[in-house]
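For what it's worth, my numbering labels the leading residue of the sequence shown as 581, then goes sequentially.
Here is the structure we will look at.
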Amino acid sequence: MKKIITYGTFDLFHQGHYNILKRAKEYGDYLIVGVTSESFDLERGKLGVRDSLLTRIENVKKTGFADEIIIEEFNGQKIQDVQKYNIDALVIGSDWIGKFDYLKPYCEVVYLERTKNISSTQIRLQEQFLNVGLILDSDNDGGFVEESKFVSGVHIDRVFCEDLKQANELKQKYQLNEAYDNLDEFMDGLNAVIVNVKTKKAVEYIKKAQKAGKHVLYRFFEQPTLKQIQSMIDTAKKKHLLLLDCMVPVYSQAFNQLMWMVECGRIGKVIHADCIVSNTDDSQLNKYYSVLYAVYVASRICASTDFKYTTFKHKFSDDKYYLRASLESKGVLIDLEIGEGIDLLPNIKILGEEGQIVVPNDWWNTGYFEIYHNGNPVPERHCYNYEGNGMRYILREALIMLREDNYETTRFSNEYAMALYQACKNITEKVK
Ligand code: CTP
């Protein structure tokens, strides 16, 4: 009996999938189909997958070509599968030519021509298209253009800048279609804008975008007043518009996995945590996010936003300072240290009754952490995929929210956001 194996995500099942399965089956007597797990797709950066694993398996099953369906969960699994299932040939589409030649010592490797003009990516693009414009006031796009290339369904089309010359330079730099200095013309034809503006004008831009019925993703550099934020939230709610603060840890799978481990008691009851943030040129943070991220960590660890504070600030100059805040809630003490314009060694250390978790270095920008269990000096190392500067995870979330017609993310509800903004304000105002 000739045993064949083939693999795929099989998202939004289409004719190309049907054809390859049919031909793979015809190539032998027994066909095993490996369907990628959700976590494996996330790991390898395939962020736009729409159907659940069960739906994708069900669709493969319905074709009647698969004699057996397995789940592909990690890189390198194919070698194991070929040996385990005694496979004679791997059959796969021609988009993978050469990529699986490493299996040739184990089995025959056959690349069959892909069905033309169809792919899951193409269907996703047709079904959901977020045509986005960037509002900038510096030559830094916050990495959004590059990041958007990893999320099918999001297209950054154009840029607005008050200075037309600068807008044109940005258009060139990021290879966008259009450059504008007129906000109304810029917004025409878009369904979303990203506001990445350093001055207080950010709020004005957001209000105008909302007025024009656009979804908004924003990165602040300084905290607006709570009244301004509340008004933006109210408008978004009233007009069914997305309003997302681009806080990477909220949307990063890696950071959430870390926090879920804390929540489910991997280090026992949490007693204390240190969280150090350093906002320097290459940390991809700013004055706003360095405080907000630290307070967010505290809120996740304590599962509360109701803190008692002690704060301290040492000013080196107007834009350089060392800020320390001790926050207490529900019997947990969190020490936050924030270096604005100065180098601190960033990390998170969480101390529980049964162990510690350490996230070394730029913790807001990593998928790596270590768990030390009491009495064992060797850490358990965890590494989750974290790519780019994290904005791709936010763009992906925006698409999911739109698809589900859900304008308030459960990850960061409006109420939670307002409580955090208030906590940030309490800290920064106390030490002005
Ligand atoms: N395939 C094919 N012809 C197509 C699309 C896919 O033969 N038009 C094959 C792929 O080569 C692979 C299998 O179907 O062997 C599963 O591919 P998958 O990556 O799940 O499908 P795509 O449509 O390519 O998905 P995406 O656009 O998300 O990459």
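All C-beta atoms, glycine included, are put in the ideal place defined by N, C-alpha and C.
Close Cβ partners of Lys888 (< 6 Å) along its chain, the five nearest in sequence each way excluded: Glu908
Please classify Pro957 as buried or exposed, where buried requires at least 16 other C-beta atoms within 10 Å of its C-beta. exposed
In the DSSP assignment, what residue or residues form a beta bridge with Asp825? Tyr798
Do you know whose CA, among Gly628, Asp923, Asp668, Leu763, lies nearest Phe896's CA? Asp923
Three-state class that DSSP yields for Leu592 in the structure shown: coil
His735 CB to nearest heavy atom of the ligand CTP below 7 Å: no
Proximity to Ser732 [Cα-Cα], best of Gln702, Pro926, Gly845, Leu756: Gln702
Judging by CA-CA distance, which residue of Glu618, Met841, Gln790 is the nearest neighbour of Gln824? The question names Gln, but residue 824 in the sequence shown is Leu. Closest by alpha carbon: Gln790.
In its own chain, which residues sit with a C-beta less than 6 Å from the C-beta of Leu744, not counting the 5 before and 5 after it? Asp761
Kindly indicate which three-state DSSP category Tyr996 falls into: helix, strand or coil? helix
Is Ser700 near the ligand CTP - that is, is its Cβ less than 7 Å away from at least one heavy atom of it? yes
If you measure from the CB of Asn599, is any heavy atom of the ligand CTP nearer than 7 Å? yes
Enclosing beta strand (DSSP E) for Asp862 [first to last residue]: Taken as a continuous stretch (DSSP letters only), Asp862 belongs to no beta strand (DSSP E), as it is neither H nor E.
Pairwise C-alpha distance: Phe709 and Ile672: 29 Å
Scan the stretch 830-858 and note each continuous alpha helix (DSSP H) run of 4 residues or more that stays entirely inside, going in chain order. 833-843
Rounded to whole angstroms, what is the Cα-Cα separation between Leu597 and Glu707? First, the residue type needs correcting, since residue 597 is His and not Leu in the sequence shown. If you take the alpha carbons of His597 and Glu707, they lie about 18 Å apart.
Give the range of the alpha helix (DSSP H) segment to which Arg983 is assigned. 971-983
Following the continuous beta strand (DSSP E) through Tyr607, name the residue where it begins and the one where it ends. Segment: none, Tyr607 is in no beta strand (DSSP E) and carries neither H nor E.
What did DSSP end up calling Lys895 once you bin it into helix, strand or coil? strand
Over what stretch of residues does the alpha helix (DSSP H) that includes Ala789 continue unbroken? 781-791
Would you mind working out which of Val615, Ser632, Ser619 sits nearest Asp661, comparing C-alpha positions? Val615
Using a threshold of 7 Å, is the CB atom of Arg1019 nearer than that to any non-hydrogen atom of the ligand CTP? Residue 1019 lies beyond the residue range present for the chain, which begins at 581 and ends at 1012; the question has no answer from this structure.
With a threshold of 16 other CB atoms inside 10 Å of the CB of Ser993, please say whether the residue is buried or exposed. exposed
Look at the alpha carbon of Lys849 and the alpha carbon of Lys929, and state the distance between them as a whole number of angstroms. 14 Å
Please classify Arg983: is it buried, with 16 or more other beta-carbons within 10 angstroms of its beta-carbon, or exposed? exposed
Mind checking Ile774: buried by the 16 CB within 10 Å criterion, or exposed? buried
Return yes when at least one heavy atom of the ligand CTP lies under 7 Å from the C-beta of Phe590, else no. yes
Is Ala883 buried or exposed, if buried means 16 or more other CB atoms sit within 10 Å of its CB? exposed
Are there any heavy atoms of the ligand CTP lying less than 7 Å away from the beta-carbon of Gly673, as far as the coordinates show? yes
Is the beta carbon of Gly596 within less than 7 Å of some heavy atom of the ligand CTP? yes
Please give the ranges of any alpha helix (DSSP H) in the stretch 704-765, keeping only runs that are unbroken, at least 4 residues long and fully inside the region. 724-728, 744-754
Would you check whether the ligand GDP has a heavy atom nearer than 7 Å to the C-beta of Arg694? By its list of ligands, the structure shown excludes the ligand GDP, since it contains just the ligand CTP.
Mind checking whether Val938 and Asn927 have CB atoms under 8 Å apart? yes
Starting from Ile813 and walking both ways along the alpha helix (DSSP H), at which residues does that stretch end? 806-819
Paired residues, beta bridge with Val912 - DSSP: Ser909
Could you tell me which residues DSSP pairs with Tyr873 in its beta bridges? Note: Tyr873 sits in no beta bridge, so no partner.
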